[in-house]
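Chemist: A single structure is presented below for examination.
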Ligand code: PMP
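In the UniProt record's numbering, the protein residues as written are 1 to 394.
Shown next, in the form of structure tokens:
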């Protein structure tokens with residue numbers, strides 16, 4: 001039967017990673033793959049994660065199954081990090097999932113179960129996995145305008161106009177902070193306007209929160225999520241701990257469903273647990289447990305926050321350095337947006353030919369849509385990149 005299978009389209013980022021590995025040039029720079037790297041090019045195990053792992057190794061007495069929803073202490077700890085009391089705990093159904101991807105996937109399944117004829121509004125562009133999973137699950141998709149190619153900021157007018165086309169029973173998928181792939185984000189006035197449209201249309205928001213702490217800080221990065229969840233009757237939040245705890249391969253995610261109607265929560269919780277059971281049964285525990293230990297221990301939490309803050313401010317400094325270099329080299333402000341963007345990514349708005357020339361002539365690897373990973377840079381490689389962009393794109 002396997003002969004009926006057709007080759008799947010190649011994942012662009014994975015193909016780029018392979019091309020980078022095979023490139024013999026010693027001065028090659030990888031700005032493709034979406035993992036945080038320190039100035040030495042290493043994706044470190046965070047100090048608090050190491051300490052928690054050591055403690056866990058000494059103290060853990062069983063690896064028997066947890067619950068279908070994962071350890072409730074994990075949900076409690078992350079809910080308090082994300083919502084900080086802005087939504088009451090008993091209004092939130094939550095299940096642990098294999099990473100943020102698992103949370104997004106389970107959310108799509110829940111949506112399909114609740115309303116098979118749903119339309120899911122997605123930003124143009126969005127994380128490519130959103131689109132491929134929506135297709136895979138069989139949900140209708142409606143793109144909304146998001147990125148202004150001229151300014152490399154958010155096309156707020158276009159976005160709001162398109163979101164007005166949503167109606168009750170539809171879902172609007174939003175990036176809570178640090179939009180991937182563009183790095184462009186709504187400001188707080190824009191978020192208020194988005195909330196007003198959600199209230200007007202009755203569409204259900206779904207927030208993908210994969211980078212809390214990578215943009216403007218843990219609190220600011222959760223502000224849009226808190227505002228939305230406390231302003232609409234119901235919403236979904238898919239959170240990932242991969243980036244902010246650096247536990248990528250441990251697969252720690254959490255799917256939350258908020259209902260202002262507290263009586264709804266038990267059935268939603270049961271449905272989420274059921275969906276976990278159908279797909280993988282018990283969610284992974286190791287990463288989730290480390291996250292719980294860190295968030296509930298004052299010393300570990302303080303150390304984690306300090307290291308996360310170092311990572312965040314390091315990325316911001318690189319943004320500023322790159323924008324300044326490009327201003328100097330081009331004599332224009334056309335790249336000033338790089339310092340305004342937040343998170344790990346920026347879409348530079350360069351055509352594919354330029355992206356290809358950067359790779360061919362300068363061994364600089366970024367995704368074909370001109371998304372670069374800021375964390376792939378360091379203070380020494382920023383001027384190299386700036387020179388290459390100025391020379392190739394002007
Ligand atoms: N959503 C977005 C927008 C992302 O960029 C990512 C990470 N690439 C995820 C979700 C999920 O990441 P993970 O499954 O590794 O936790």
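All C-beta atoms, glycine included, are put in the ideal place defined by N, C-alpha and C.
1. In its own chain, which residues sit with a C-beta less than 6 Å from the C-beta of residue 343, not counting the 5 before and 5 after it?
2. With distance defined between alpha-carbon atoms, name the residue in 335, 287, 323 and 322 nearest to residue 48.
3. Name the one or two DSSP bridge partners that residue 365 has.
4. Okay, do the region 274–285 and the region 32–48 touch, 3+ Cβ pairs below 8 Å being the bar?
5. Within this structure, are the beta carbons of residue 16 and residue 367 separated by less than 8 Å?
6. Which value, in whole angstroms, describes the spacing of the CA atoms of residue 79 and residue 351?
7. With a threshold of 16 other CB atoms inside 10 Å of the CB of residue 147, please say whether the residue is buried or exposed.
8. Tell me, to the nearest whole angstrom, how far the beta carbon of residue 321 is from that of residue 379; I am working on the premise that it is less than 8 Å.
9. Which residue's Cα is closest to the Cα of residue 202: 223, 113, 151 and 165?
10. Starting from residue 277 and walking both ways along the alpha helix (DSSP H), at which residues does that stretch end?
11. Do residue 418 and residue 140 have their C-beta atoms closer together than 8 Å?
12. Nearest to residue 133 by alpha carbon, out of 272, 105 and 259?
13. Could you give the DSSP three-state label for residue 204: helix, strand or coil?
14. Kindly indicate which three-state DSSP category residue 222 falls into: helix, strand or coil?
15. So residue 251 and residue 102 are supposed to be a Cβ contact under 8 Å. How far apart are they, rounded?
16. Keeping to the same chain, check which residues put their C-beta closer than 8 Å to that of residue 135; ignore five residues upstream and five downstream.
17. Let me know the alpha helix (DSSP H) ranges lying completely inside the region 161–218, each 4 residues or longer, listed in chain order.
18. What does a CB cutoff of less than 8 Å around residue 199 pick up in its chain, not counting 5 residues either side in sequence?
19. Residue ranges of each beta strand (DSSP E) run of no fewer than 3 residues wholly in the region 309–392, ordered along the chain?
Modeler: Reading from the atomic positions:
1. 178, 183, 211, 214 and 215
2. 287
3. 30
4. no
5. yes
6. 41 Å
7. buried
8. 7 Å
9. 165
10. 265–279
11. Limits of the chain in this structure are 1 at one end and 394 at the other, which puts residue 418 out of reach.
12. 105
13. strand
14. helix
15. 7 Å
16. 141
17. 188–201
18. 231 and 232
19. 345–347 and 371–373
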